[in-house]
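Take a look at the structure below.
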């Protein structure tokens with residue numbers, strides 16, 4: 001039986017297999033799963049519609065999600081293997097990725113949820129991508145809709161097709177969040193304000209671009225641009241920072257609705273930037289609790 005989740009997140013939950021200096025470790029990952037954990041830690045009930053194999057990795061992911069009180073969609077379980085990403089860390093610290101991802105997302109109509117979110121690999125790989133799009137378009141006008149493309153160039157396919165898929169998702173969204181790296185892949189060389197205007201023209205309400213240590217820039221529904229600086233912190237790593245930022249935006253939208261003007265958007269971005277700063281100050285995708293944010 002489904003619970004009373006206020007937020008539905010659709011997308012991948014997978015195991016990151018990291019190979020470095022001759023050692024191999026495994027960690028629970030997947031942008032939508034990270035977002036769901038971040039939302040729940042901020043006190044907002046959330047359900048994740050994903051795909052989990054009935055195997056050791058699937059059970060590990062489920063335990064990780066349940067530890068943060070994330071509800072798992074009843075239709076998530078499958079006899080196929082759990083998705084994984086294999087990262088080989090190079091001498092310069094960069095990572096080369098290979099993926100074993102089926103592109104399947106459990107269908108979920110959202111029920112009485114207040115907000116529906118999707119993005120990342122699940123949005124661009126079919127058949128799961130169509131499941132995600134259908135959920136967004138069905139929710140439009142009934143619930144708040146948010147999208148984060150979180151582009152993975154190795155998996156999203158041809159550029160023009162990926163851009164068209166993103167445009168369709170953004171047209172259903174009340175808020176889109178993307179990173180400067182996403183923007184550079186989608187629109188090489190385009191300035192930030194031009195990217196925001198392009199997405200807004202598709203019908204999106206508010207648009208936000210994160211820029212790493214430089215903070216974020218956003219376009220409110222009234223067309224006004226706002227910027228917030230990045231916090232000055234000692235960085236452990238940047239894993240999960242964007243997902244933490246997105247989760248904090250979602251929590252704000254559930255509490256206060258879609259930011260209608262520059263002041264409301266600025267406040268939402270400042271809250272999200274604090275969450276991202278806490279996340280990068282410690283290893284791994286470890287988003288803050290509301291108590292940590294309000295300390």
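In the UniProt record's numbering, the protein residues as written are 1 to 295.
Note that the Cβ used here is the ideal one computed from N, Cα and C, for glycine as well.
All of these numbers come straight from a predicted model, not from anything done at the bench.
With DSSP as the reference, please indicate the residues paired to residue i in a beta bridge.
i           : result
residue 117 : 9 and 146
residue 19  : 24 and 88
residue 63  : In DSSP, residue 63 forms no bridge with anything.
residue 96  : 88
residue 225 : 219
residue 77  : 52
DSSP three-state label for residue i, please.
i           : result
residue 151 : coil
residue 281 : coil
residue 210 : strand
residue 53  : strand
residue 242 : helix
residue 195 : helix
residue 4   : coil
Let me confirm a value: residue i is counted as buried when at least 16 other C-beta atoms fall within 10 Å, else exposed. Which label applies?
i           : result
residue 118 : buried
residue 24  : exposed
residue 107 : exposed
residue 288 : buried
residue 16  : buried
residue 103 : buried
residue 71  : buried
residue 229 : exposed
residue 221 : buried
Grab me the residues of residue i's own chain with a C-beta within less than 6 Å of its C-beta, minus the 5 sequence neighbours each way, in chain order.
i           : result
residue 149 : 119, 166, 178 and 182
residue 152 : 121
residue 13  : 30, 33, 50 and 61
residue 19  : 88
residue 200 : 207 and 219
Got a sec? Which residues, its chain only, sit under 8 Å from residue i by beta carbon, not counting five neighbours each side?
i           : result
residue 58  : 52, 77 and 82
residue 282 : 236
Evaluate contact between the stretch 268-276 and the stretch 126-138, counting only Cβ atoms and requiring at least three cross-stretch pairs below 8 Å. Contact between the stretch 268-276 and the stretch 126-138 is absent, because fewer than three Cβ pairs lie under 8 Å.
Quick check: the stretch 258-266 against the stretch 235-247, are there 3 or more CB pairs under 8 Å? No, they do not touch.
Are the stretch 8-23 and the stretch 211-218 in contact at 8 Å, needing three or more beta carbon pairs? No, the stretch 8-23 does not touch the stretch 211-218.
Sufficient close CB pairs (3 or more, under 8 Å) joining the stretch 154-166 to the stretch 31-50: In the pairwise beta carbon analysis, the stretch 154-166 is classified as not touching the stretch 31-50: fewer than three pairs are separated by under 8 Å.
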